[in-house]
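Residue numbers (the numbering used here): 163 to 548. Here a beta-carbon is modelled for each residue, glycine too, at the ideal position from N, C-alpha and C.
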Amino acid sequence: MNGSDNVRIPIGACIRGCTSNGHTPLIVTFLSNDSKNAHLRLSAPTSDVDATILRWQDQFYQFVITHHGYPATVAVEGQSGLYGLGFSLDEAKSTEHIVIPKEASEQQRLRESLKGKVVVVTGGAQGFGEGIIRALVEEGCITFIADLNEDGARHLADELNGRMGQTVAIPVRVDVTNEDSVEHMMEFVAQTTGCCDVFISNAGVLKAGSVKELSLKDFQFVTSVDYTGFFICTKFASRLMAWQDKAAKGTYLTDIIAISSKSGLEGSNRNGAYAGAKFGTIGLVQSFALELVKDHIKVNAVCPGNFLEGPLWSDPVKGLFVQYLEAGKVPGAKTIEDVRRFYESKVPMGRGCTTTDVVRAICYIVEQKYETGQSLPVTGGQIMLH
Ligand SMILES: NC(=O)c1ccc[n+]([C@@H]2O[C@H](COP(=O)([O-])OP(=O)(O)OC[C@H]3O[C@@H](n4cnc5c(N)ncnc54)[C@H](O)[C@@H]3O)[C@@H](O)[C@H]2O)c1
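Structural data, given as structure tokens:
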């Protein structure tokens with residue numbers, strides 16, 4: 163992030179905001195090329211941030227009127243390097259042509275409301291996160307697979323980029339419990355795409371155990387990922403989104419979505435650390451929603467039911483079926499199948515939650531322009547809100 167002596171303006175996020183006309187802004191990627199190639203040279207940033215952004219908005223406006231499109235590259239006076247613009251990351255990197263805005267009908271916009279959006283998914287390398295990434299790539303999003311498991315994230319990104327024939331997934335290592343790590347991740351996002359439109363805080367862990375026996379270490383581990391991690395991610399994601407909003411003049415809504423759980427809506431026997439963190443996340447969602455509405459950031463939670471096919475449950479060594487069988491959590495259960503049937507029988511719709519169910523909830527939240535601070539159950543009727 164660059165700027166004047168005393169103000170650090172995330173230039174990519176502001177340029178991206180300047181390209182918002184109420185619909186998805188352009189991807190803005192930082193390039194280390196010679197700035198002589200620039201199609202538009204913005205004035206130097208000053209310590210009067212609002213005045214700087216006003217000048218930049220005006221320069222963009224003049225450019226678009228004159229050229230009937232957005233510049234392919236932008237330089238900023240006094241700064242080295244270029245910013246490439248495009249509808250896709252690959253187009254932004256190509257730096258060749260003026261970017262002509264696409265006209266779309268309201269119906270088409272509704273149908274394609276996720277197309278072109280930049281989405282960060284923590285814990286994106288496996289489980290729900292992987293399913294969310296796969297589905298959003300199909301919807302036309304550019305995704306960051308943000309995970310502690312760097313190899314898993316890279317492997318998934320390579321597969322998706324190869325299959326789609328363009329850059330649709332970018333792996334990034336992050337530990338959501340570590341402030342420096344999350345801050346670096348958001349700086350990387352800013353350098354690569356300018357900003358993000360949807361931040362999905364999905365990384366989560368679970369250690370089940372009786373309150374009489376659970377170690378403080380295990381309790382704190384669960385809390386640090388599932389609760390504190392959401393605070394840290396929102397802190398750095400919302401800062402960048404607010405800069406984009408400043409330049410977009412409030413014409414564009416962004417989303418922070420926490421993947422909480424049905425255990426965030428009702429207690430979970432011998433699973434207090436997890437349920438406490440998931441309940442707490444909903445408290446953070448409501449509080450952050452109140453504060454960030456002025457930056458046009460919606461903050462909501464999705465509360466899925468049990469994802470019985472996912473690795474958290476089905477891992478043959480450390481999965482919850484094994485853990486719950488060994489902990490005697492299901493009375494009379496002798497096999498993993500007994501444990502599974504027990505959990506399926508609790509759901510009025512008779513099955514576990516799938517990633518498709520969660521993705522539908524995410525699409526609803528992003529498309530919905532009049533909800534914030536909500537926690538949406540996706541539980542087949544197992545949890546009903548009062
Ligand atoms: N699986 C379920 O039944 C279920 C139900 C309701 C809600 N959820 C929630 O959905 C989310 C995803 O669950 P899942 O079942 O897909 O989990 P999972 O264990 O399959 O995957 C979690 C991912 O998070 C990553 N991760 C863990 N700690 C991290 C950290 N500190 N920083 C960055 N990444 C980290 C892991 O590497 C992994 O890729 C979690 O928040 C979970 O609580 C799961």
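For Asp309, the enclosing beta strand (DSSP E) starts and ends at 304-309. Distance from the CA of Ile295 to the CA of Thr518, rounded to the nearest whole angstrom, comes to 11 Å.
Under the Cβ criterion (8 Å, minimum of three pairs), the segment 450-465 counts as touching the segment 421-441.
Secondary structure remark: continuous alpha helix (DSSP H) runs of at least 4 residues inside the segment 410-438: none found. Annotation for Leu244: the continuous beta strand (DSSP E) segment containing it runs 244-248. Straight across, the Cα-Cα distance linking Leu482 with Val521 is about 23 Å. One alpha carbon belongs to Leu538, the other to Lys198, and they sit about 50 Å apart.
Inter-segment contact for the segment 353-372 and the segment 405-420 is present: three or more beta-carbon pairs are separated by less than 8 Å.
Excluding sequence positions up to five before and after Gly293, its CB lies within less than 6 Å of the CB of Thr517, all in the same chain and listed in chain order.
Residue side-chain check: Thr354 keeps its Cβ at 7 Å or more from all non-hydrogen atoms of ligand 1. Taking 7 Å as the cut-off, one finds at least one heavy atom of ligand 1 near enough to the beta carbon of Thr284. By the Cβ-count criterion, Ala409 is buried, with 16 or more other Cβ atoms from all chains shown falling within 10 Å of its own Cβ. Between the alpha carbons of Leu376 and Gly535 lies a gap of roughly 32 Å. DSSP places Phe469 in the coil class of the three-state scheme, outside both helix and strand. If you look at Arg335, you'll find it in the beta strand (DSSP E) that goes 331-335. Under the DSSP assignment, Arg217 falls in the alpha helix (DSSP H) whose first and last residues are 211-229. For His259, the CB contacts under 6 Å within the same chain, skipping 5 residues up- and downstream, are Ala234 in chain order. With contacts defined by Cβ atoms closer than 8 Å, Gly542 and Cys525 do not form a contacting pair.
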